[in-house]
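Some notes on the structure that comes next.
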Amino acid sequence: MAGSGGAAIPGRLAGHEDAYEGLILDPAGLPSTVEEFTAAMDESIPAWQEHGYRGIWLKVPASRAHFVGHAVDRGFEFHHAEKDYLMLTRWLPASENKLPPNASHQVGVGAFVLNERREVLVVQERNGPLRGKGVWKMPTGLVQAGEDISEAAEREVLEETGVRARFDCVLAMRQAHGFAFGKSDMFFCVGLKLEPGPQELSMQEDELVGVRWMPLAEYLAIDFHASRPLLRQIQAACVAWADGTYRGLCGRKLEAGFSGRQDLLLFGEAADRTGADKLAERDMWIGLDTAAAGGGGATAAGAAASGAAVADGGSKTAQT
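In this text, residue positions in the sequence shown follow the working numbering: the first is 1023, and each later residue adds one.
Printed below as a string of structure tokens:
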């Protein structure tokens, strides 16, 4: 059978070889009937084994869901699923299965935004573990597939509150285990800077029951945050950034060397860099306005607020 890249592969199912002596089957090339599928599988599996393939990846579209049981009967295992397909795998050698497991973490963000009056942007959630508890927290949410952490934070703030703000840096990161369906959770507390010009709050009513600017001192005194060491530490990082004594992790898009792709790199600055050095590269940092040189100041704010969601059910990543 010809592979999707033109090279012939053994068996009766189309696909292409991966970089690990494996085979990725082409879902568009799957037969249309169960009888054809099972016959193709029964002929192909011995041919793949004889060829020396190790891992086989079988992506079954929703339209072929009735094939799944027959694939499982032939040694395939569930790997992961999306709305429109199920991915199954089979490890052919008698040795230990070396195929990578499904994603281990979900990723969430919380946005700390501080205005010129040192007020923190905070929200109250309509759903989730904080519903009805009157807890004010920073806007939080899940990072979508293909979305940078910086983009996710900006999007969540705009969607939930109507506030336009730009990514400045990552202030803290929390890793936790045993959250949604046993997956682990990574939560990034991000400092955002307000975009210039007048802005009005606009609440996302299907997600929130409240949005406001809260004085920083009042926010820090909220018992829900103050009584939790992890949230207090996140708050401390936010306040230090707001005061200009802490920079956090900067972000830059850099070419990764793979097909011209640019990836987001988060990194700390060297302590001995001069102010001139920093300003010279400032325009290359994600979300920074070169006209607004200065400290982390007027945009820090609900870090602990986001932590609130973290403590009760995953980075409100899982709660959003």
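For each residue, glycine too, the CB sits at the ideal point set by N, CA and C. Keep in mind that this is a model prediction, so the values were computed, not measured.
In or out: residue i buried (at least 16 other Cβ within 10 Å) or exposed?
i	result
Val1094	exposed
Tyr1241	buried
Lys1155	exposed
His1199	exposed
Gln1345	Since the first residue of the chain shown is 1023 and the last is 1342, residue 1345 is not available in this structure.
Pro1161	buried
Asp1245	exposed
Gly1266	exposed
Glu1182	buried
Gly1290	exposed
Arg1196	buried
Lys1081	buried
Phe1100	exposed
Measuring straight from C-alpha to C-alpha, what distance separates residue i and residue j?
i	j	result
Asp1048	Arg1283	24 Å
Gly1150	Val1192	25 Å
Ala1239	Val1142	9 Å
Asp1040	Pro1115	16 Å
Gly1074	Ser1066	12 Å
Phe1098	Trp1158	47 Å
Val1144	Trp1235	6 Å
Glu1229	Arg1153	10 Å
Ile1256	Ala1087	45 Å
Arg1034	Tyr1107	21 Å
Gln1071	Lys1205	33 Å
Lys1275	Phe1134	22 Å
Cys1260	Arg1250	15 Å
Val1212	Ser1085	41 Å
Met1208	Leu1288	15 Å
Ala1194	Val1165	16 Å
Ala1248	Pro1237	15 Å
Leu1113	Arg1148	The question names Leu, but residue 1113 is Trp in the sequence shown. Trp1113 and Arg1148: Cα-Cα distance of roughly 45 Å.
Phe1189	Lys1105	31 Å
Phe1280	Ala1243	48 Å
Glu1057	Ile1031	22 Å
Val1233	Phe1210	21 Å
Pro1123	Met1109	11 Å
Asp1064	Leu1180	53 Å
Pro1083	Ala1278	32 Å
Ala1125	Glu1173	21 Å
Ala1258	Glu1138	19 Å
Met1225	Arg1140	21 Å
Checking the sheet assignment: what are the DSSP bridge partners for residue i?
i	result
Ser1206	His1127
Tyr1107	Pro1083, Glu1104
Leu1045	Glu1039, Ile1078
Phe1280	In DSSP, Phe1280 forms no bridge with anything.
Lys1159	Val1145
Val1233	Val1145
Asp1190	BP columns for Asp1190 are empty, so no partner.
Met1195	Phe1210
Asp1285	Leu1276
Val1135	Leu1214
Do residue j and residue i come within 8 Å of each other at the CB atom, strictly closer than that value?
i	j	result
Thr1055	Trp1079	no
Ile1346	Leu1286	Since the first and last residues shown for the chain are 1023 and 1342, residue 1346 lies out of range.
Val1131	Ala1175	yes
Arg1096	Glu1043	no
Val1090	Gln1146	no
Asn1184	Leu1223	Contrary to the premise, residue 1184 reads as Gly rather than Asn in this sequence. Yes. Within cutoff.
His1102	Thr1060	no
Gly1037	Leu1045	yes
Arg1254	Gln1221	no
Glu1178	Gly1168	no
Ala1062	Pro1053	yes
Trp1263	Gly1270	yes
With a cut-off of 8 Å, does the C-beta of residue i fall near any C-beta of chain D?
i	result
Pro1220	This model lacks chain D altogether, as it is built from one protein chain only.
Are the segment 1111 to 1129 and the segment 1211 to 1223 in contact at 8 Å, needing three or more beta carbon pairs? no
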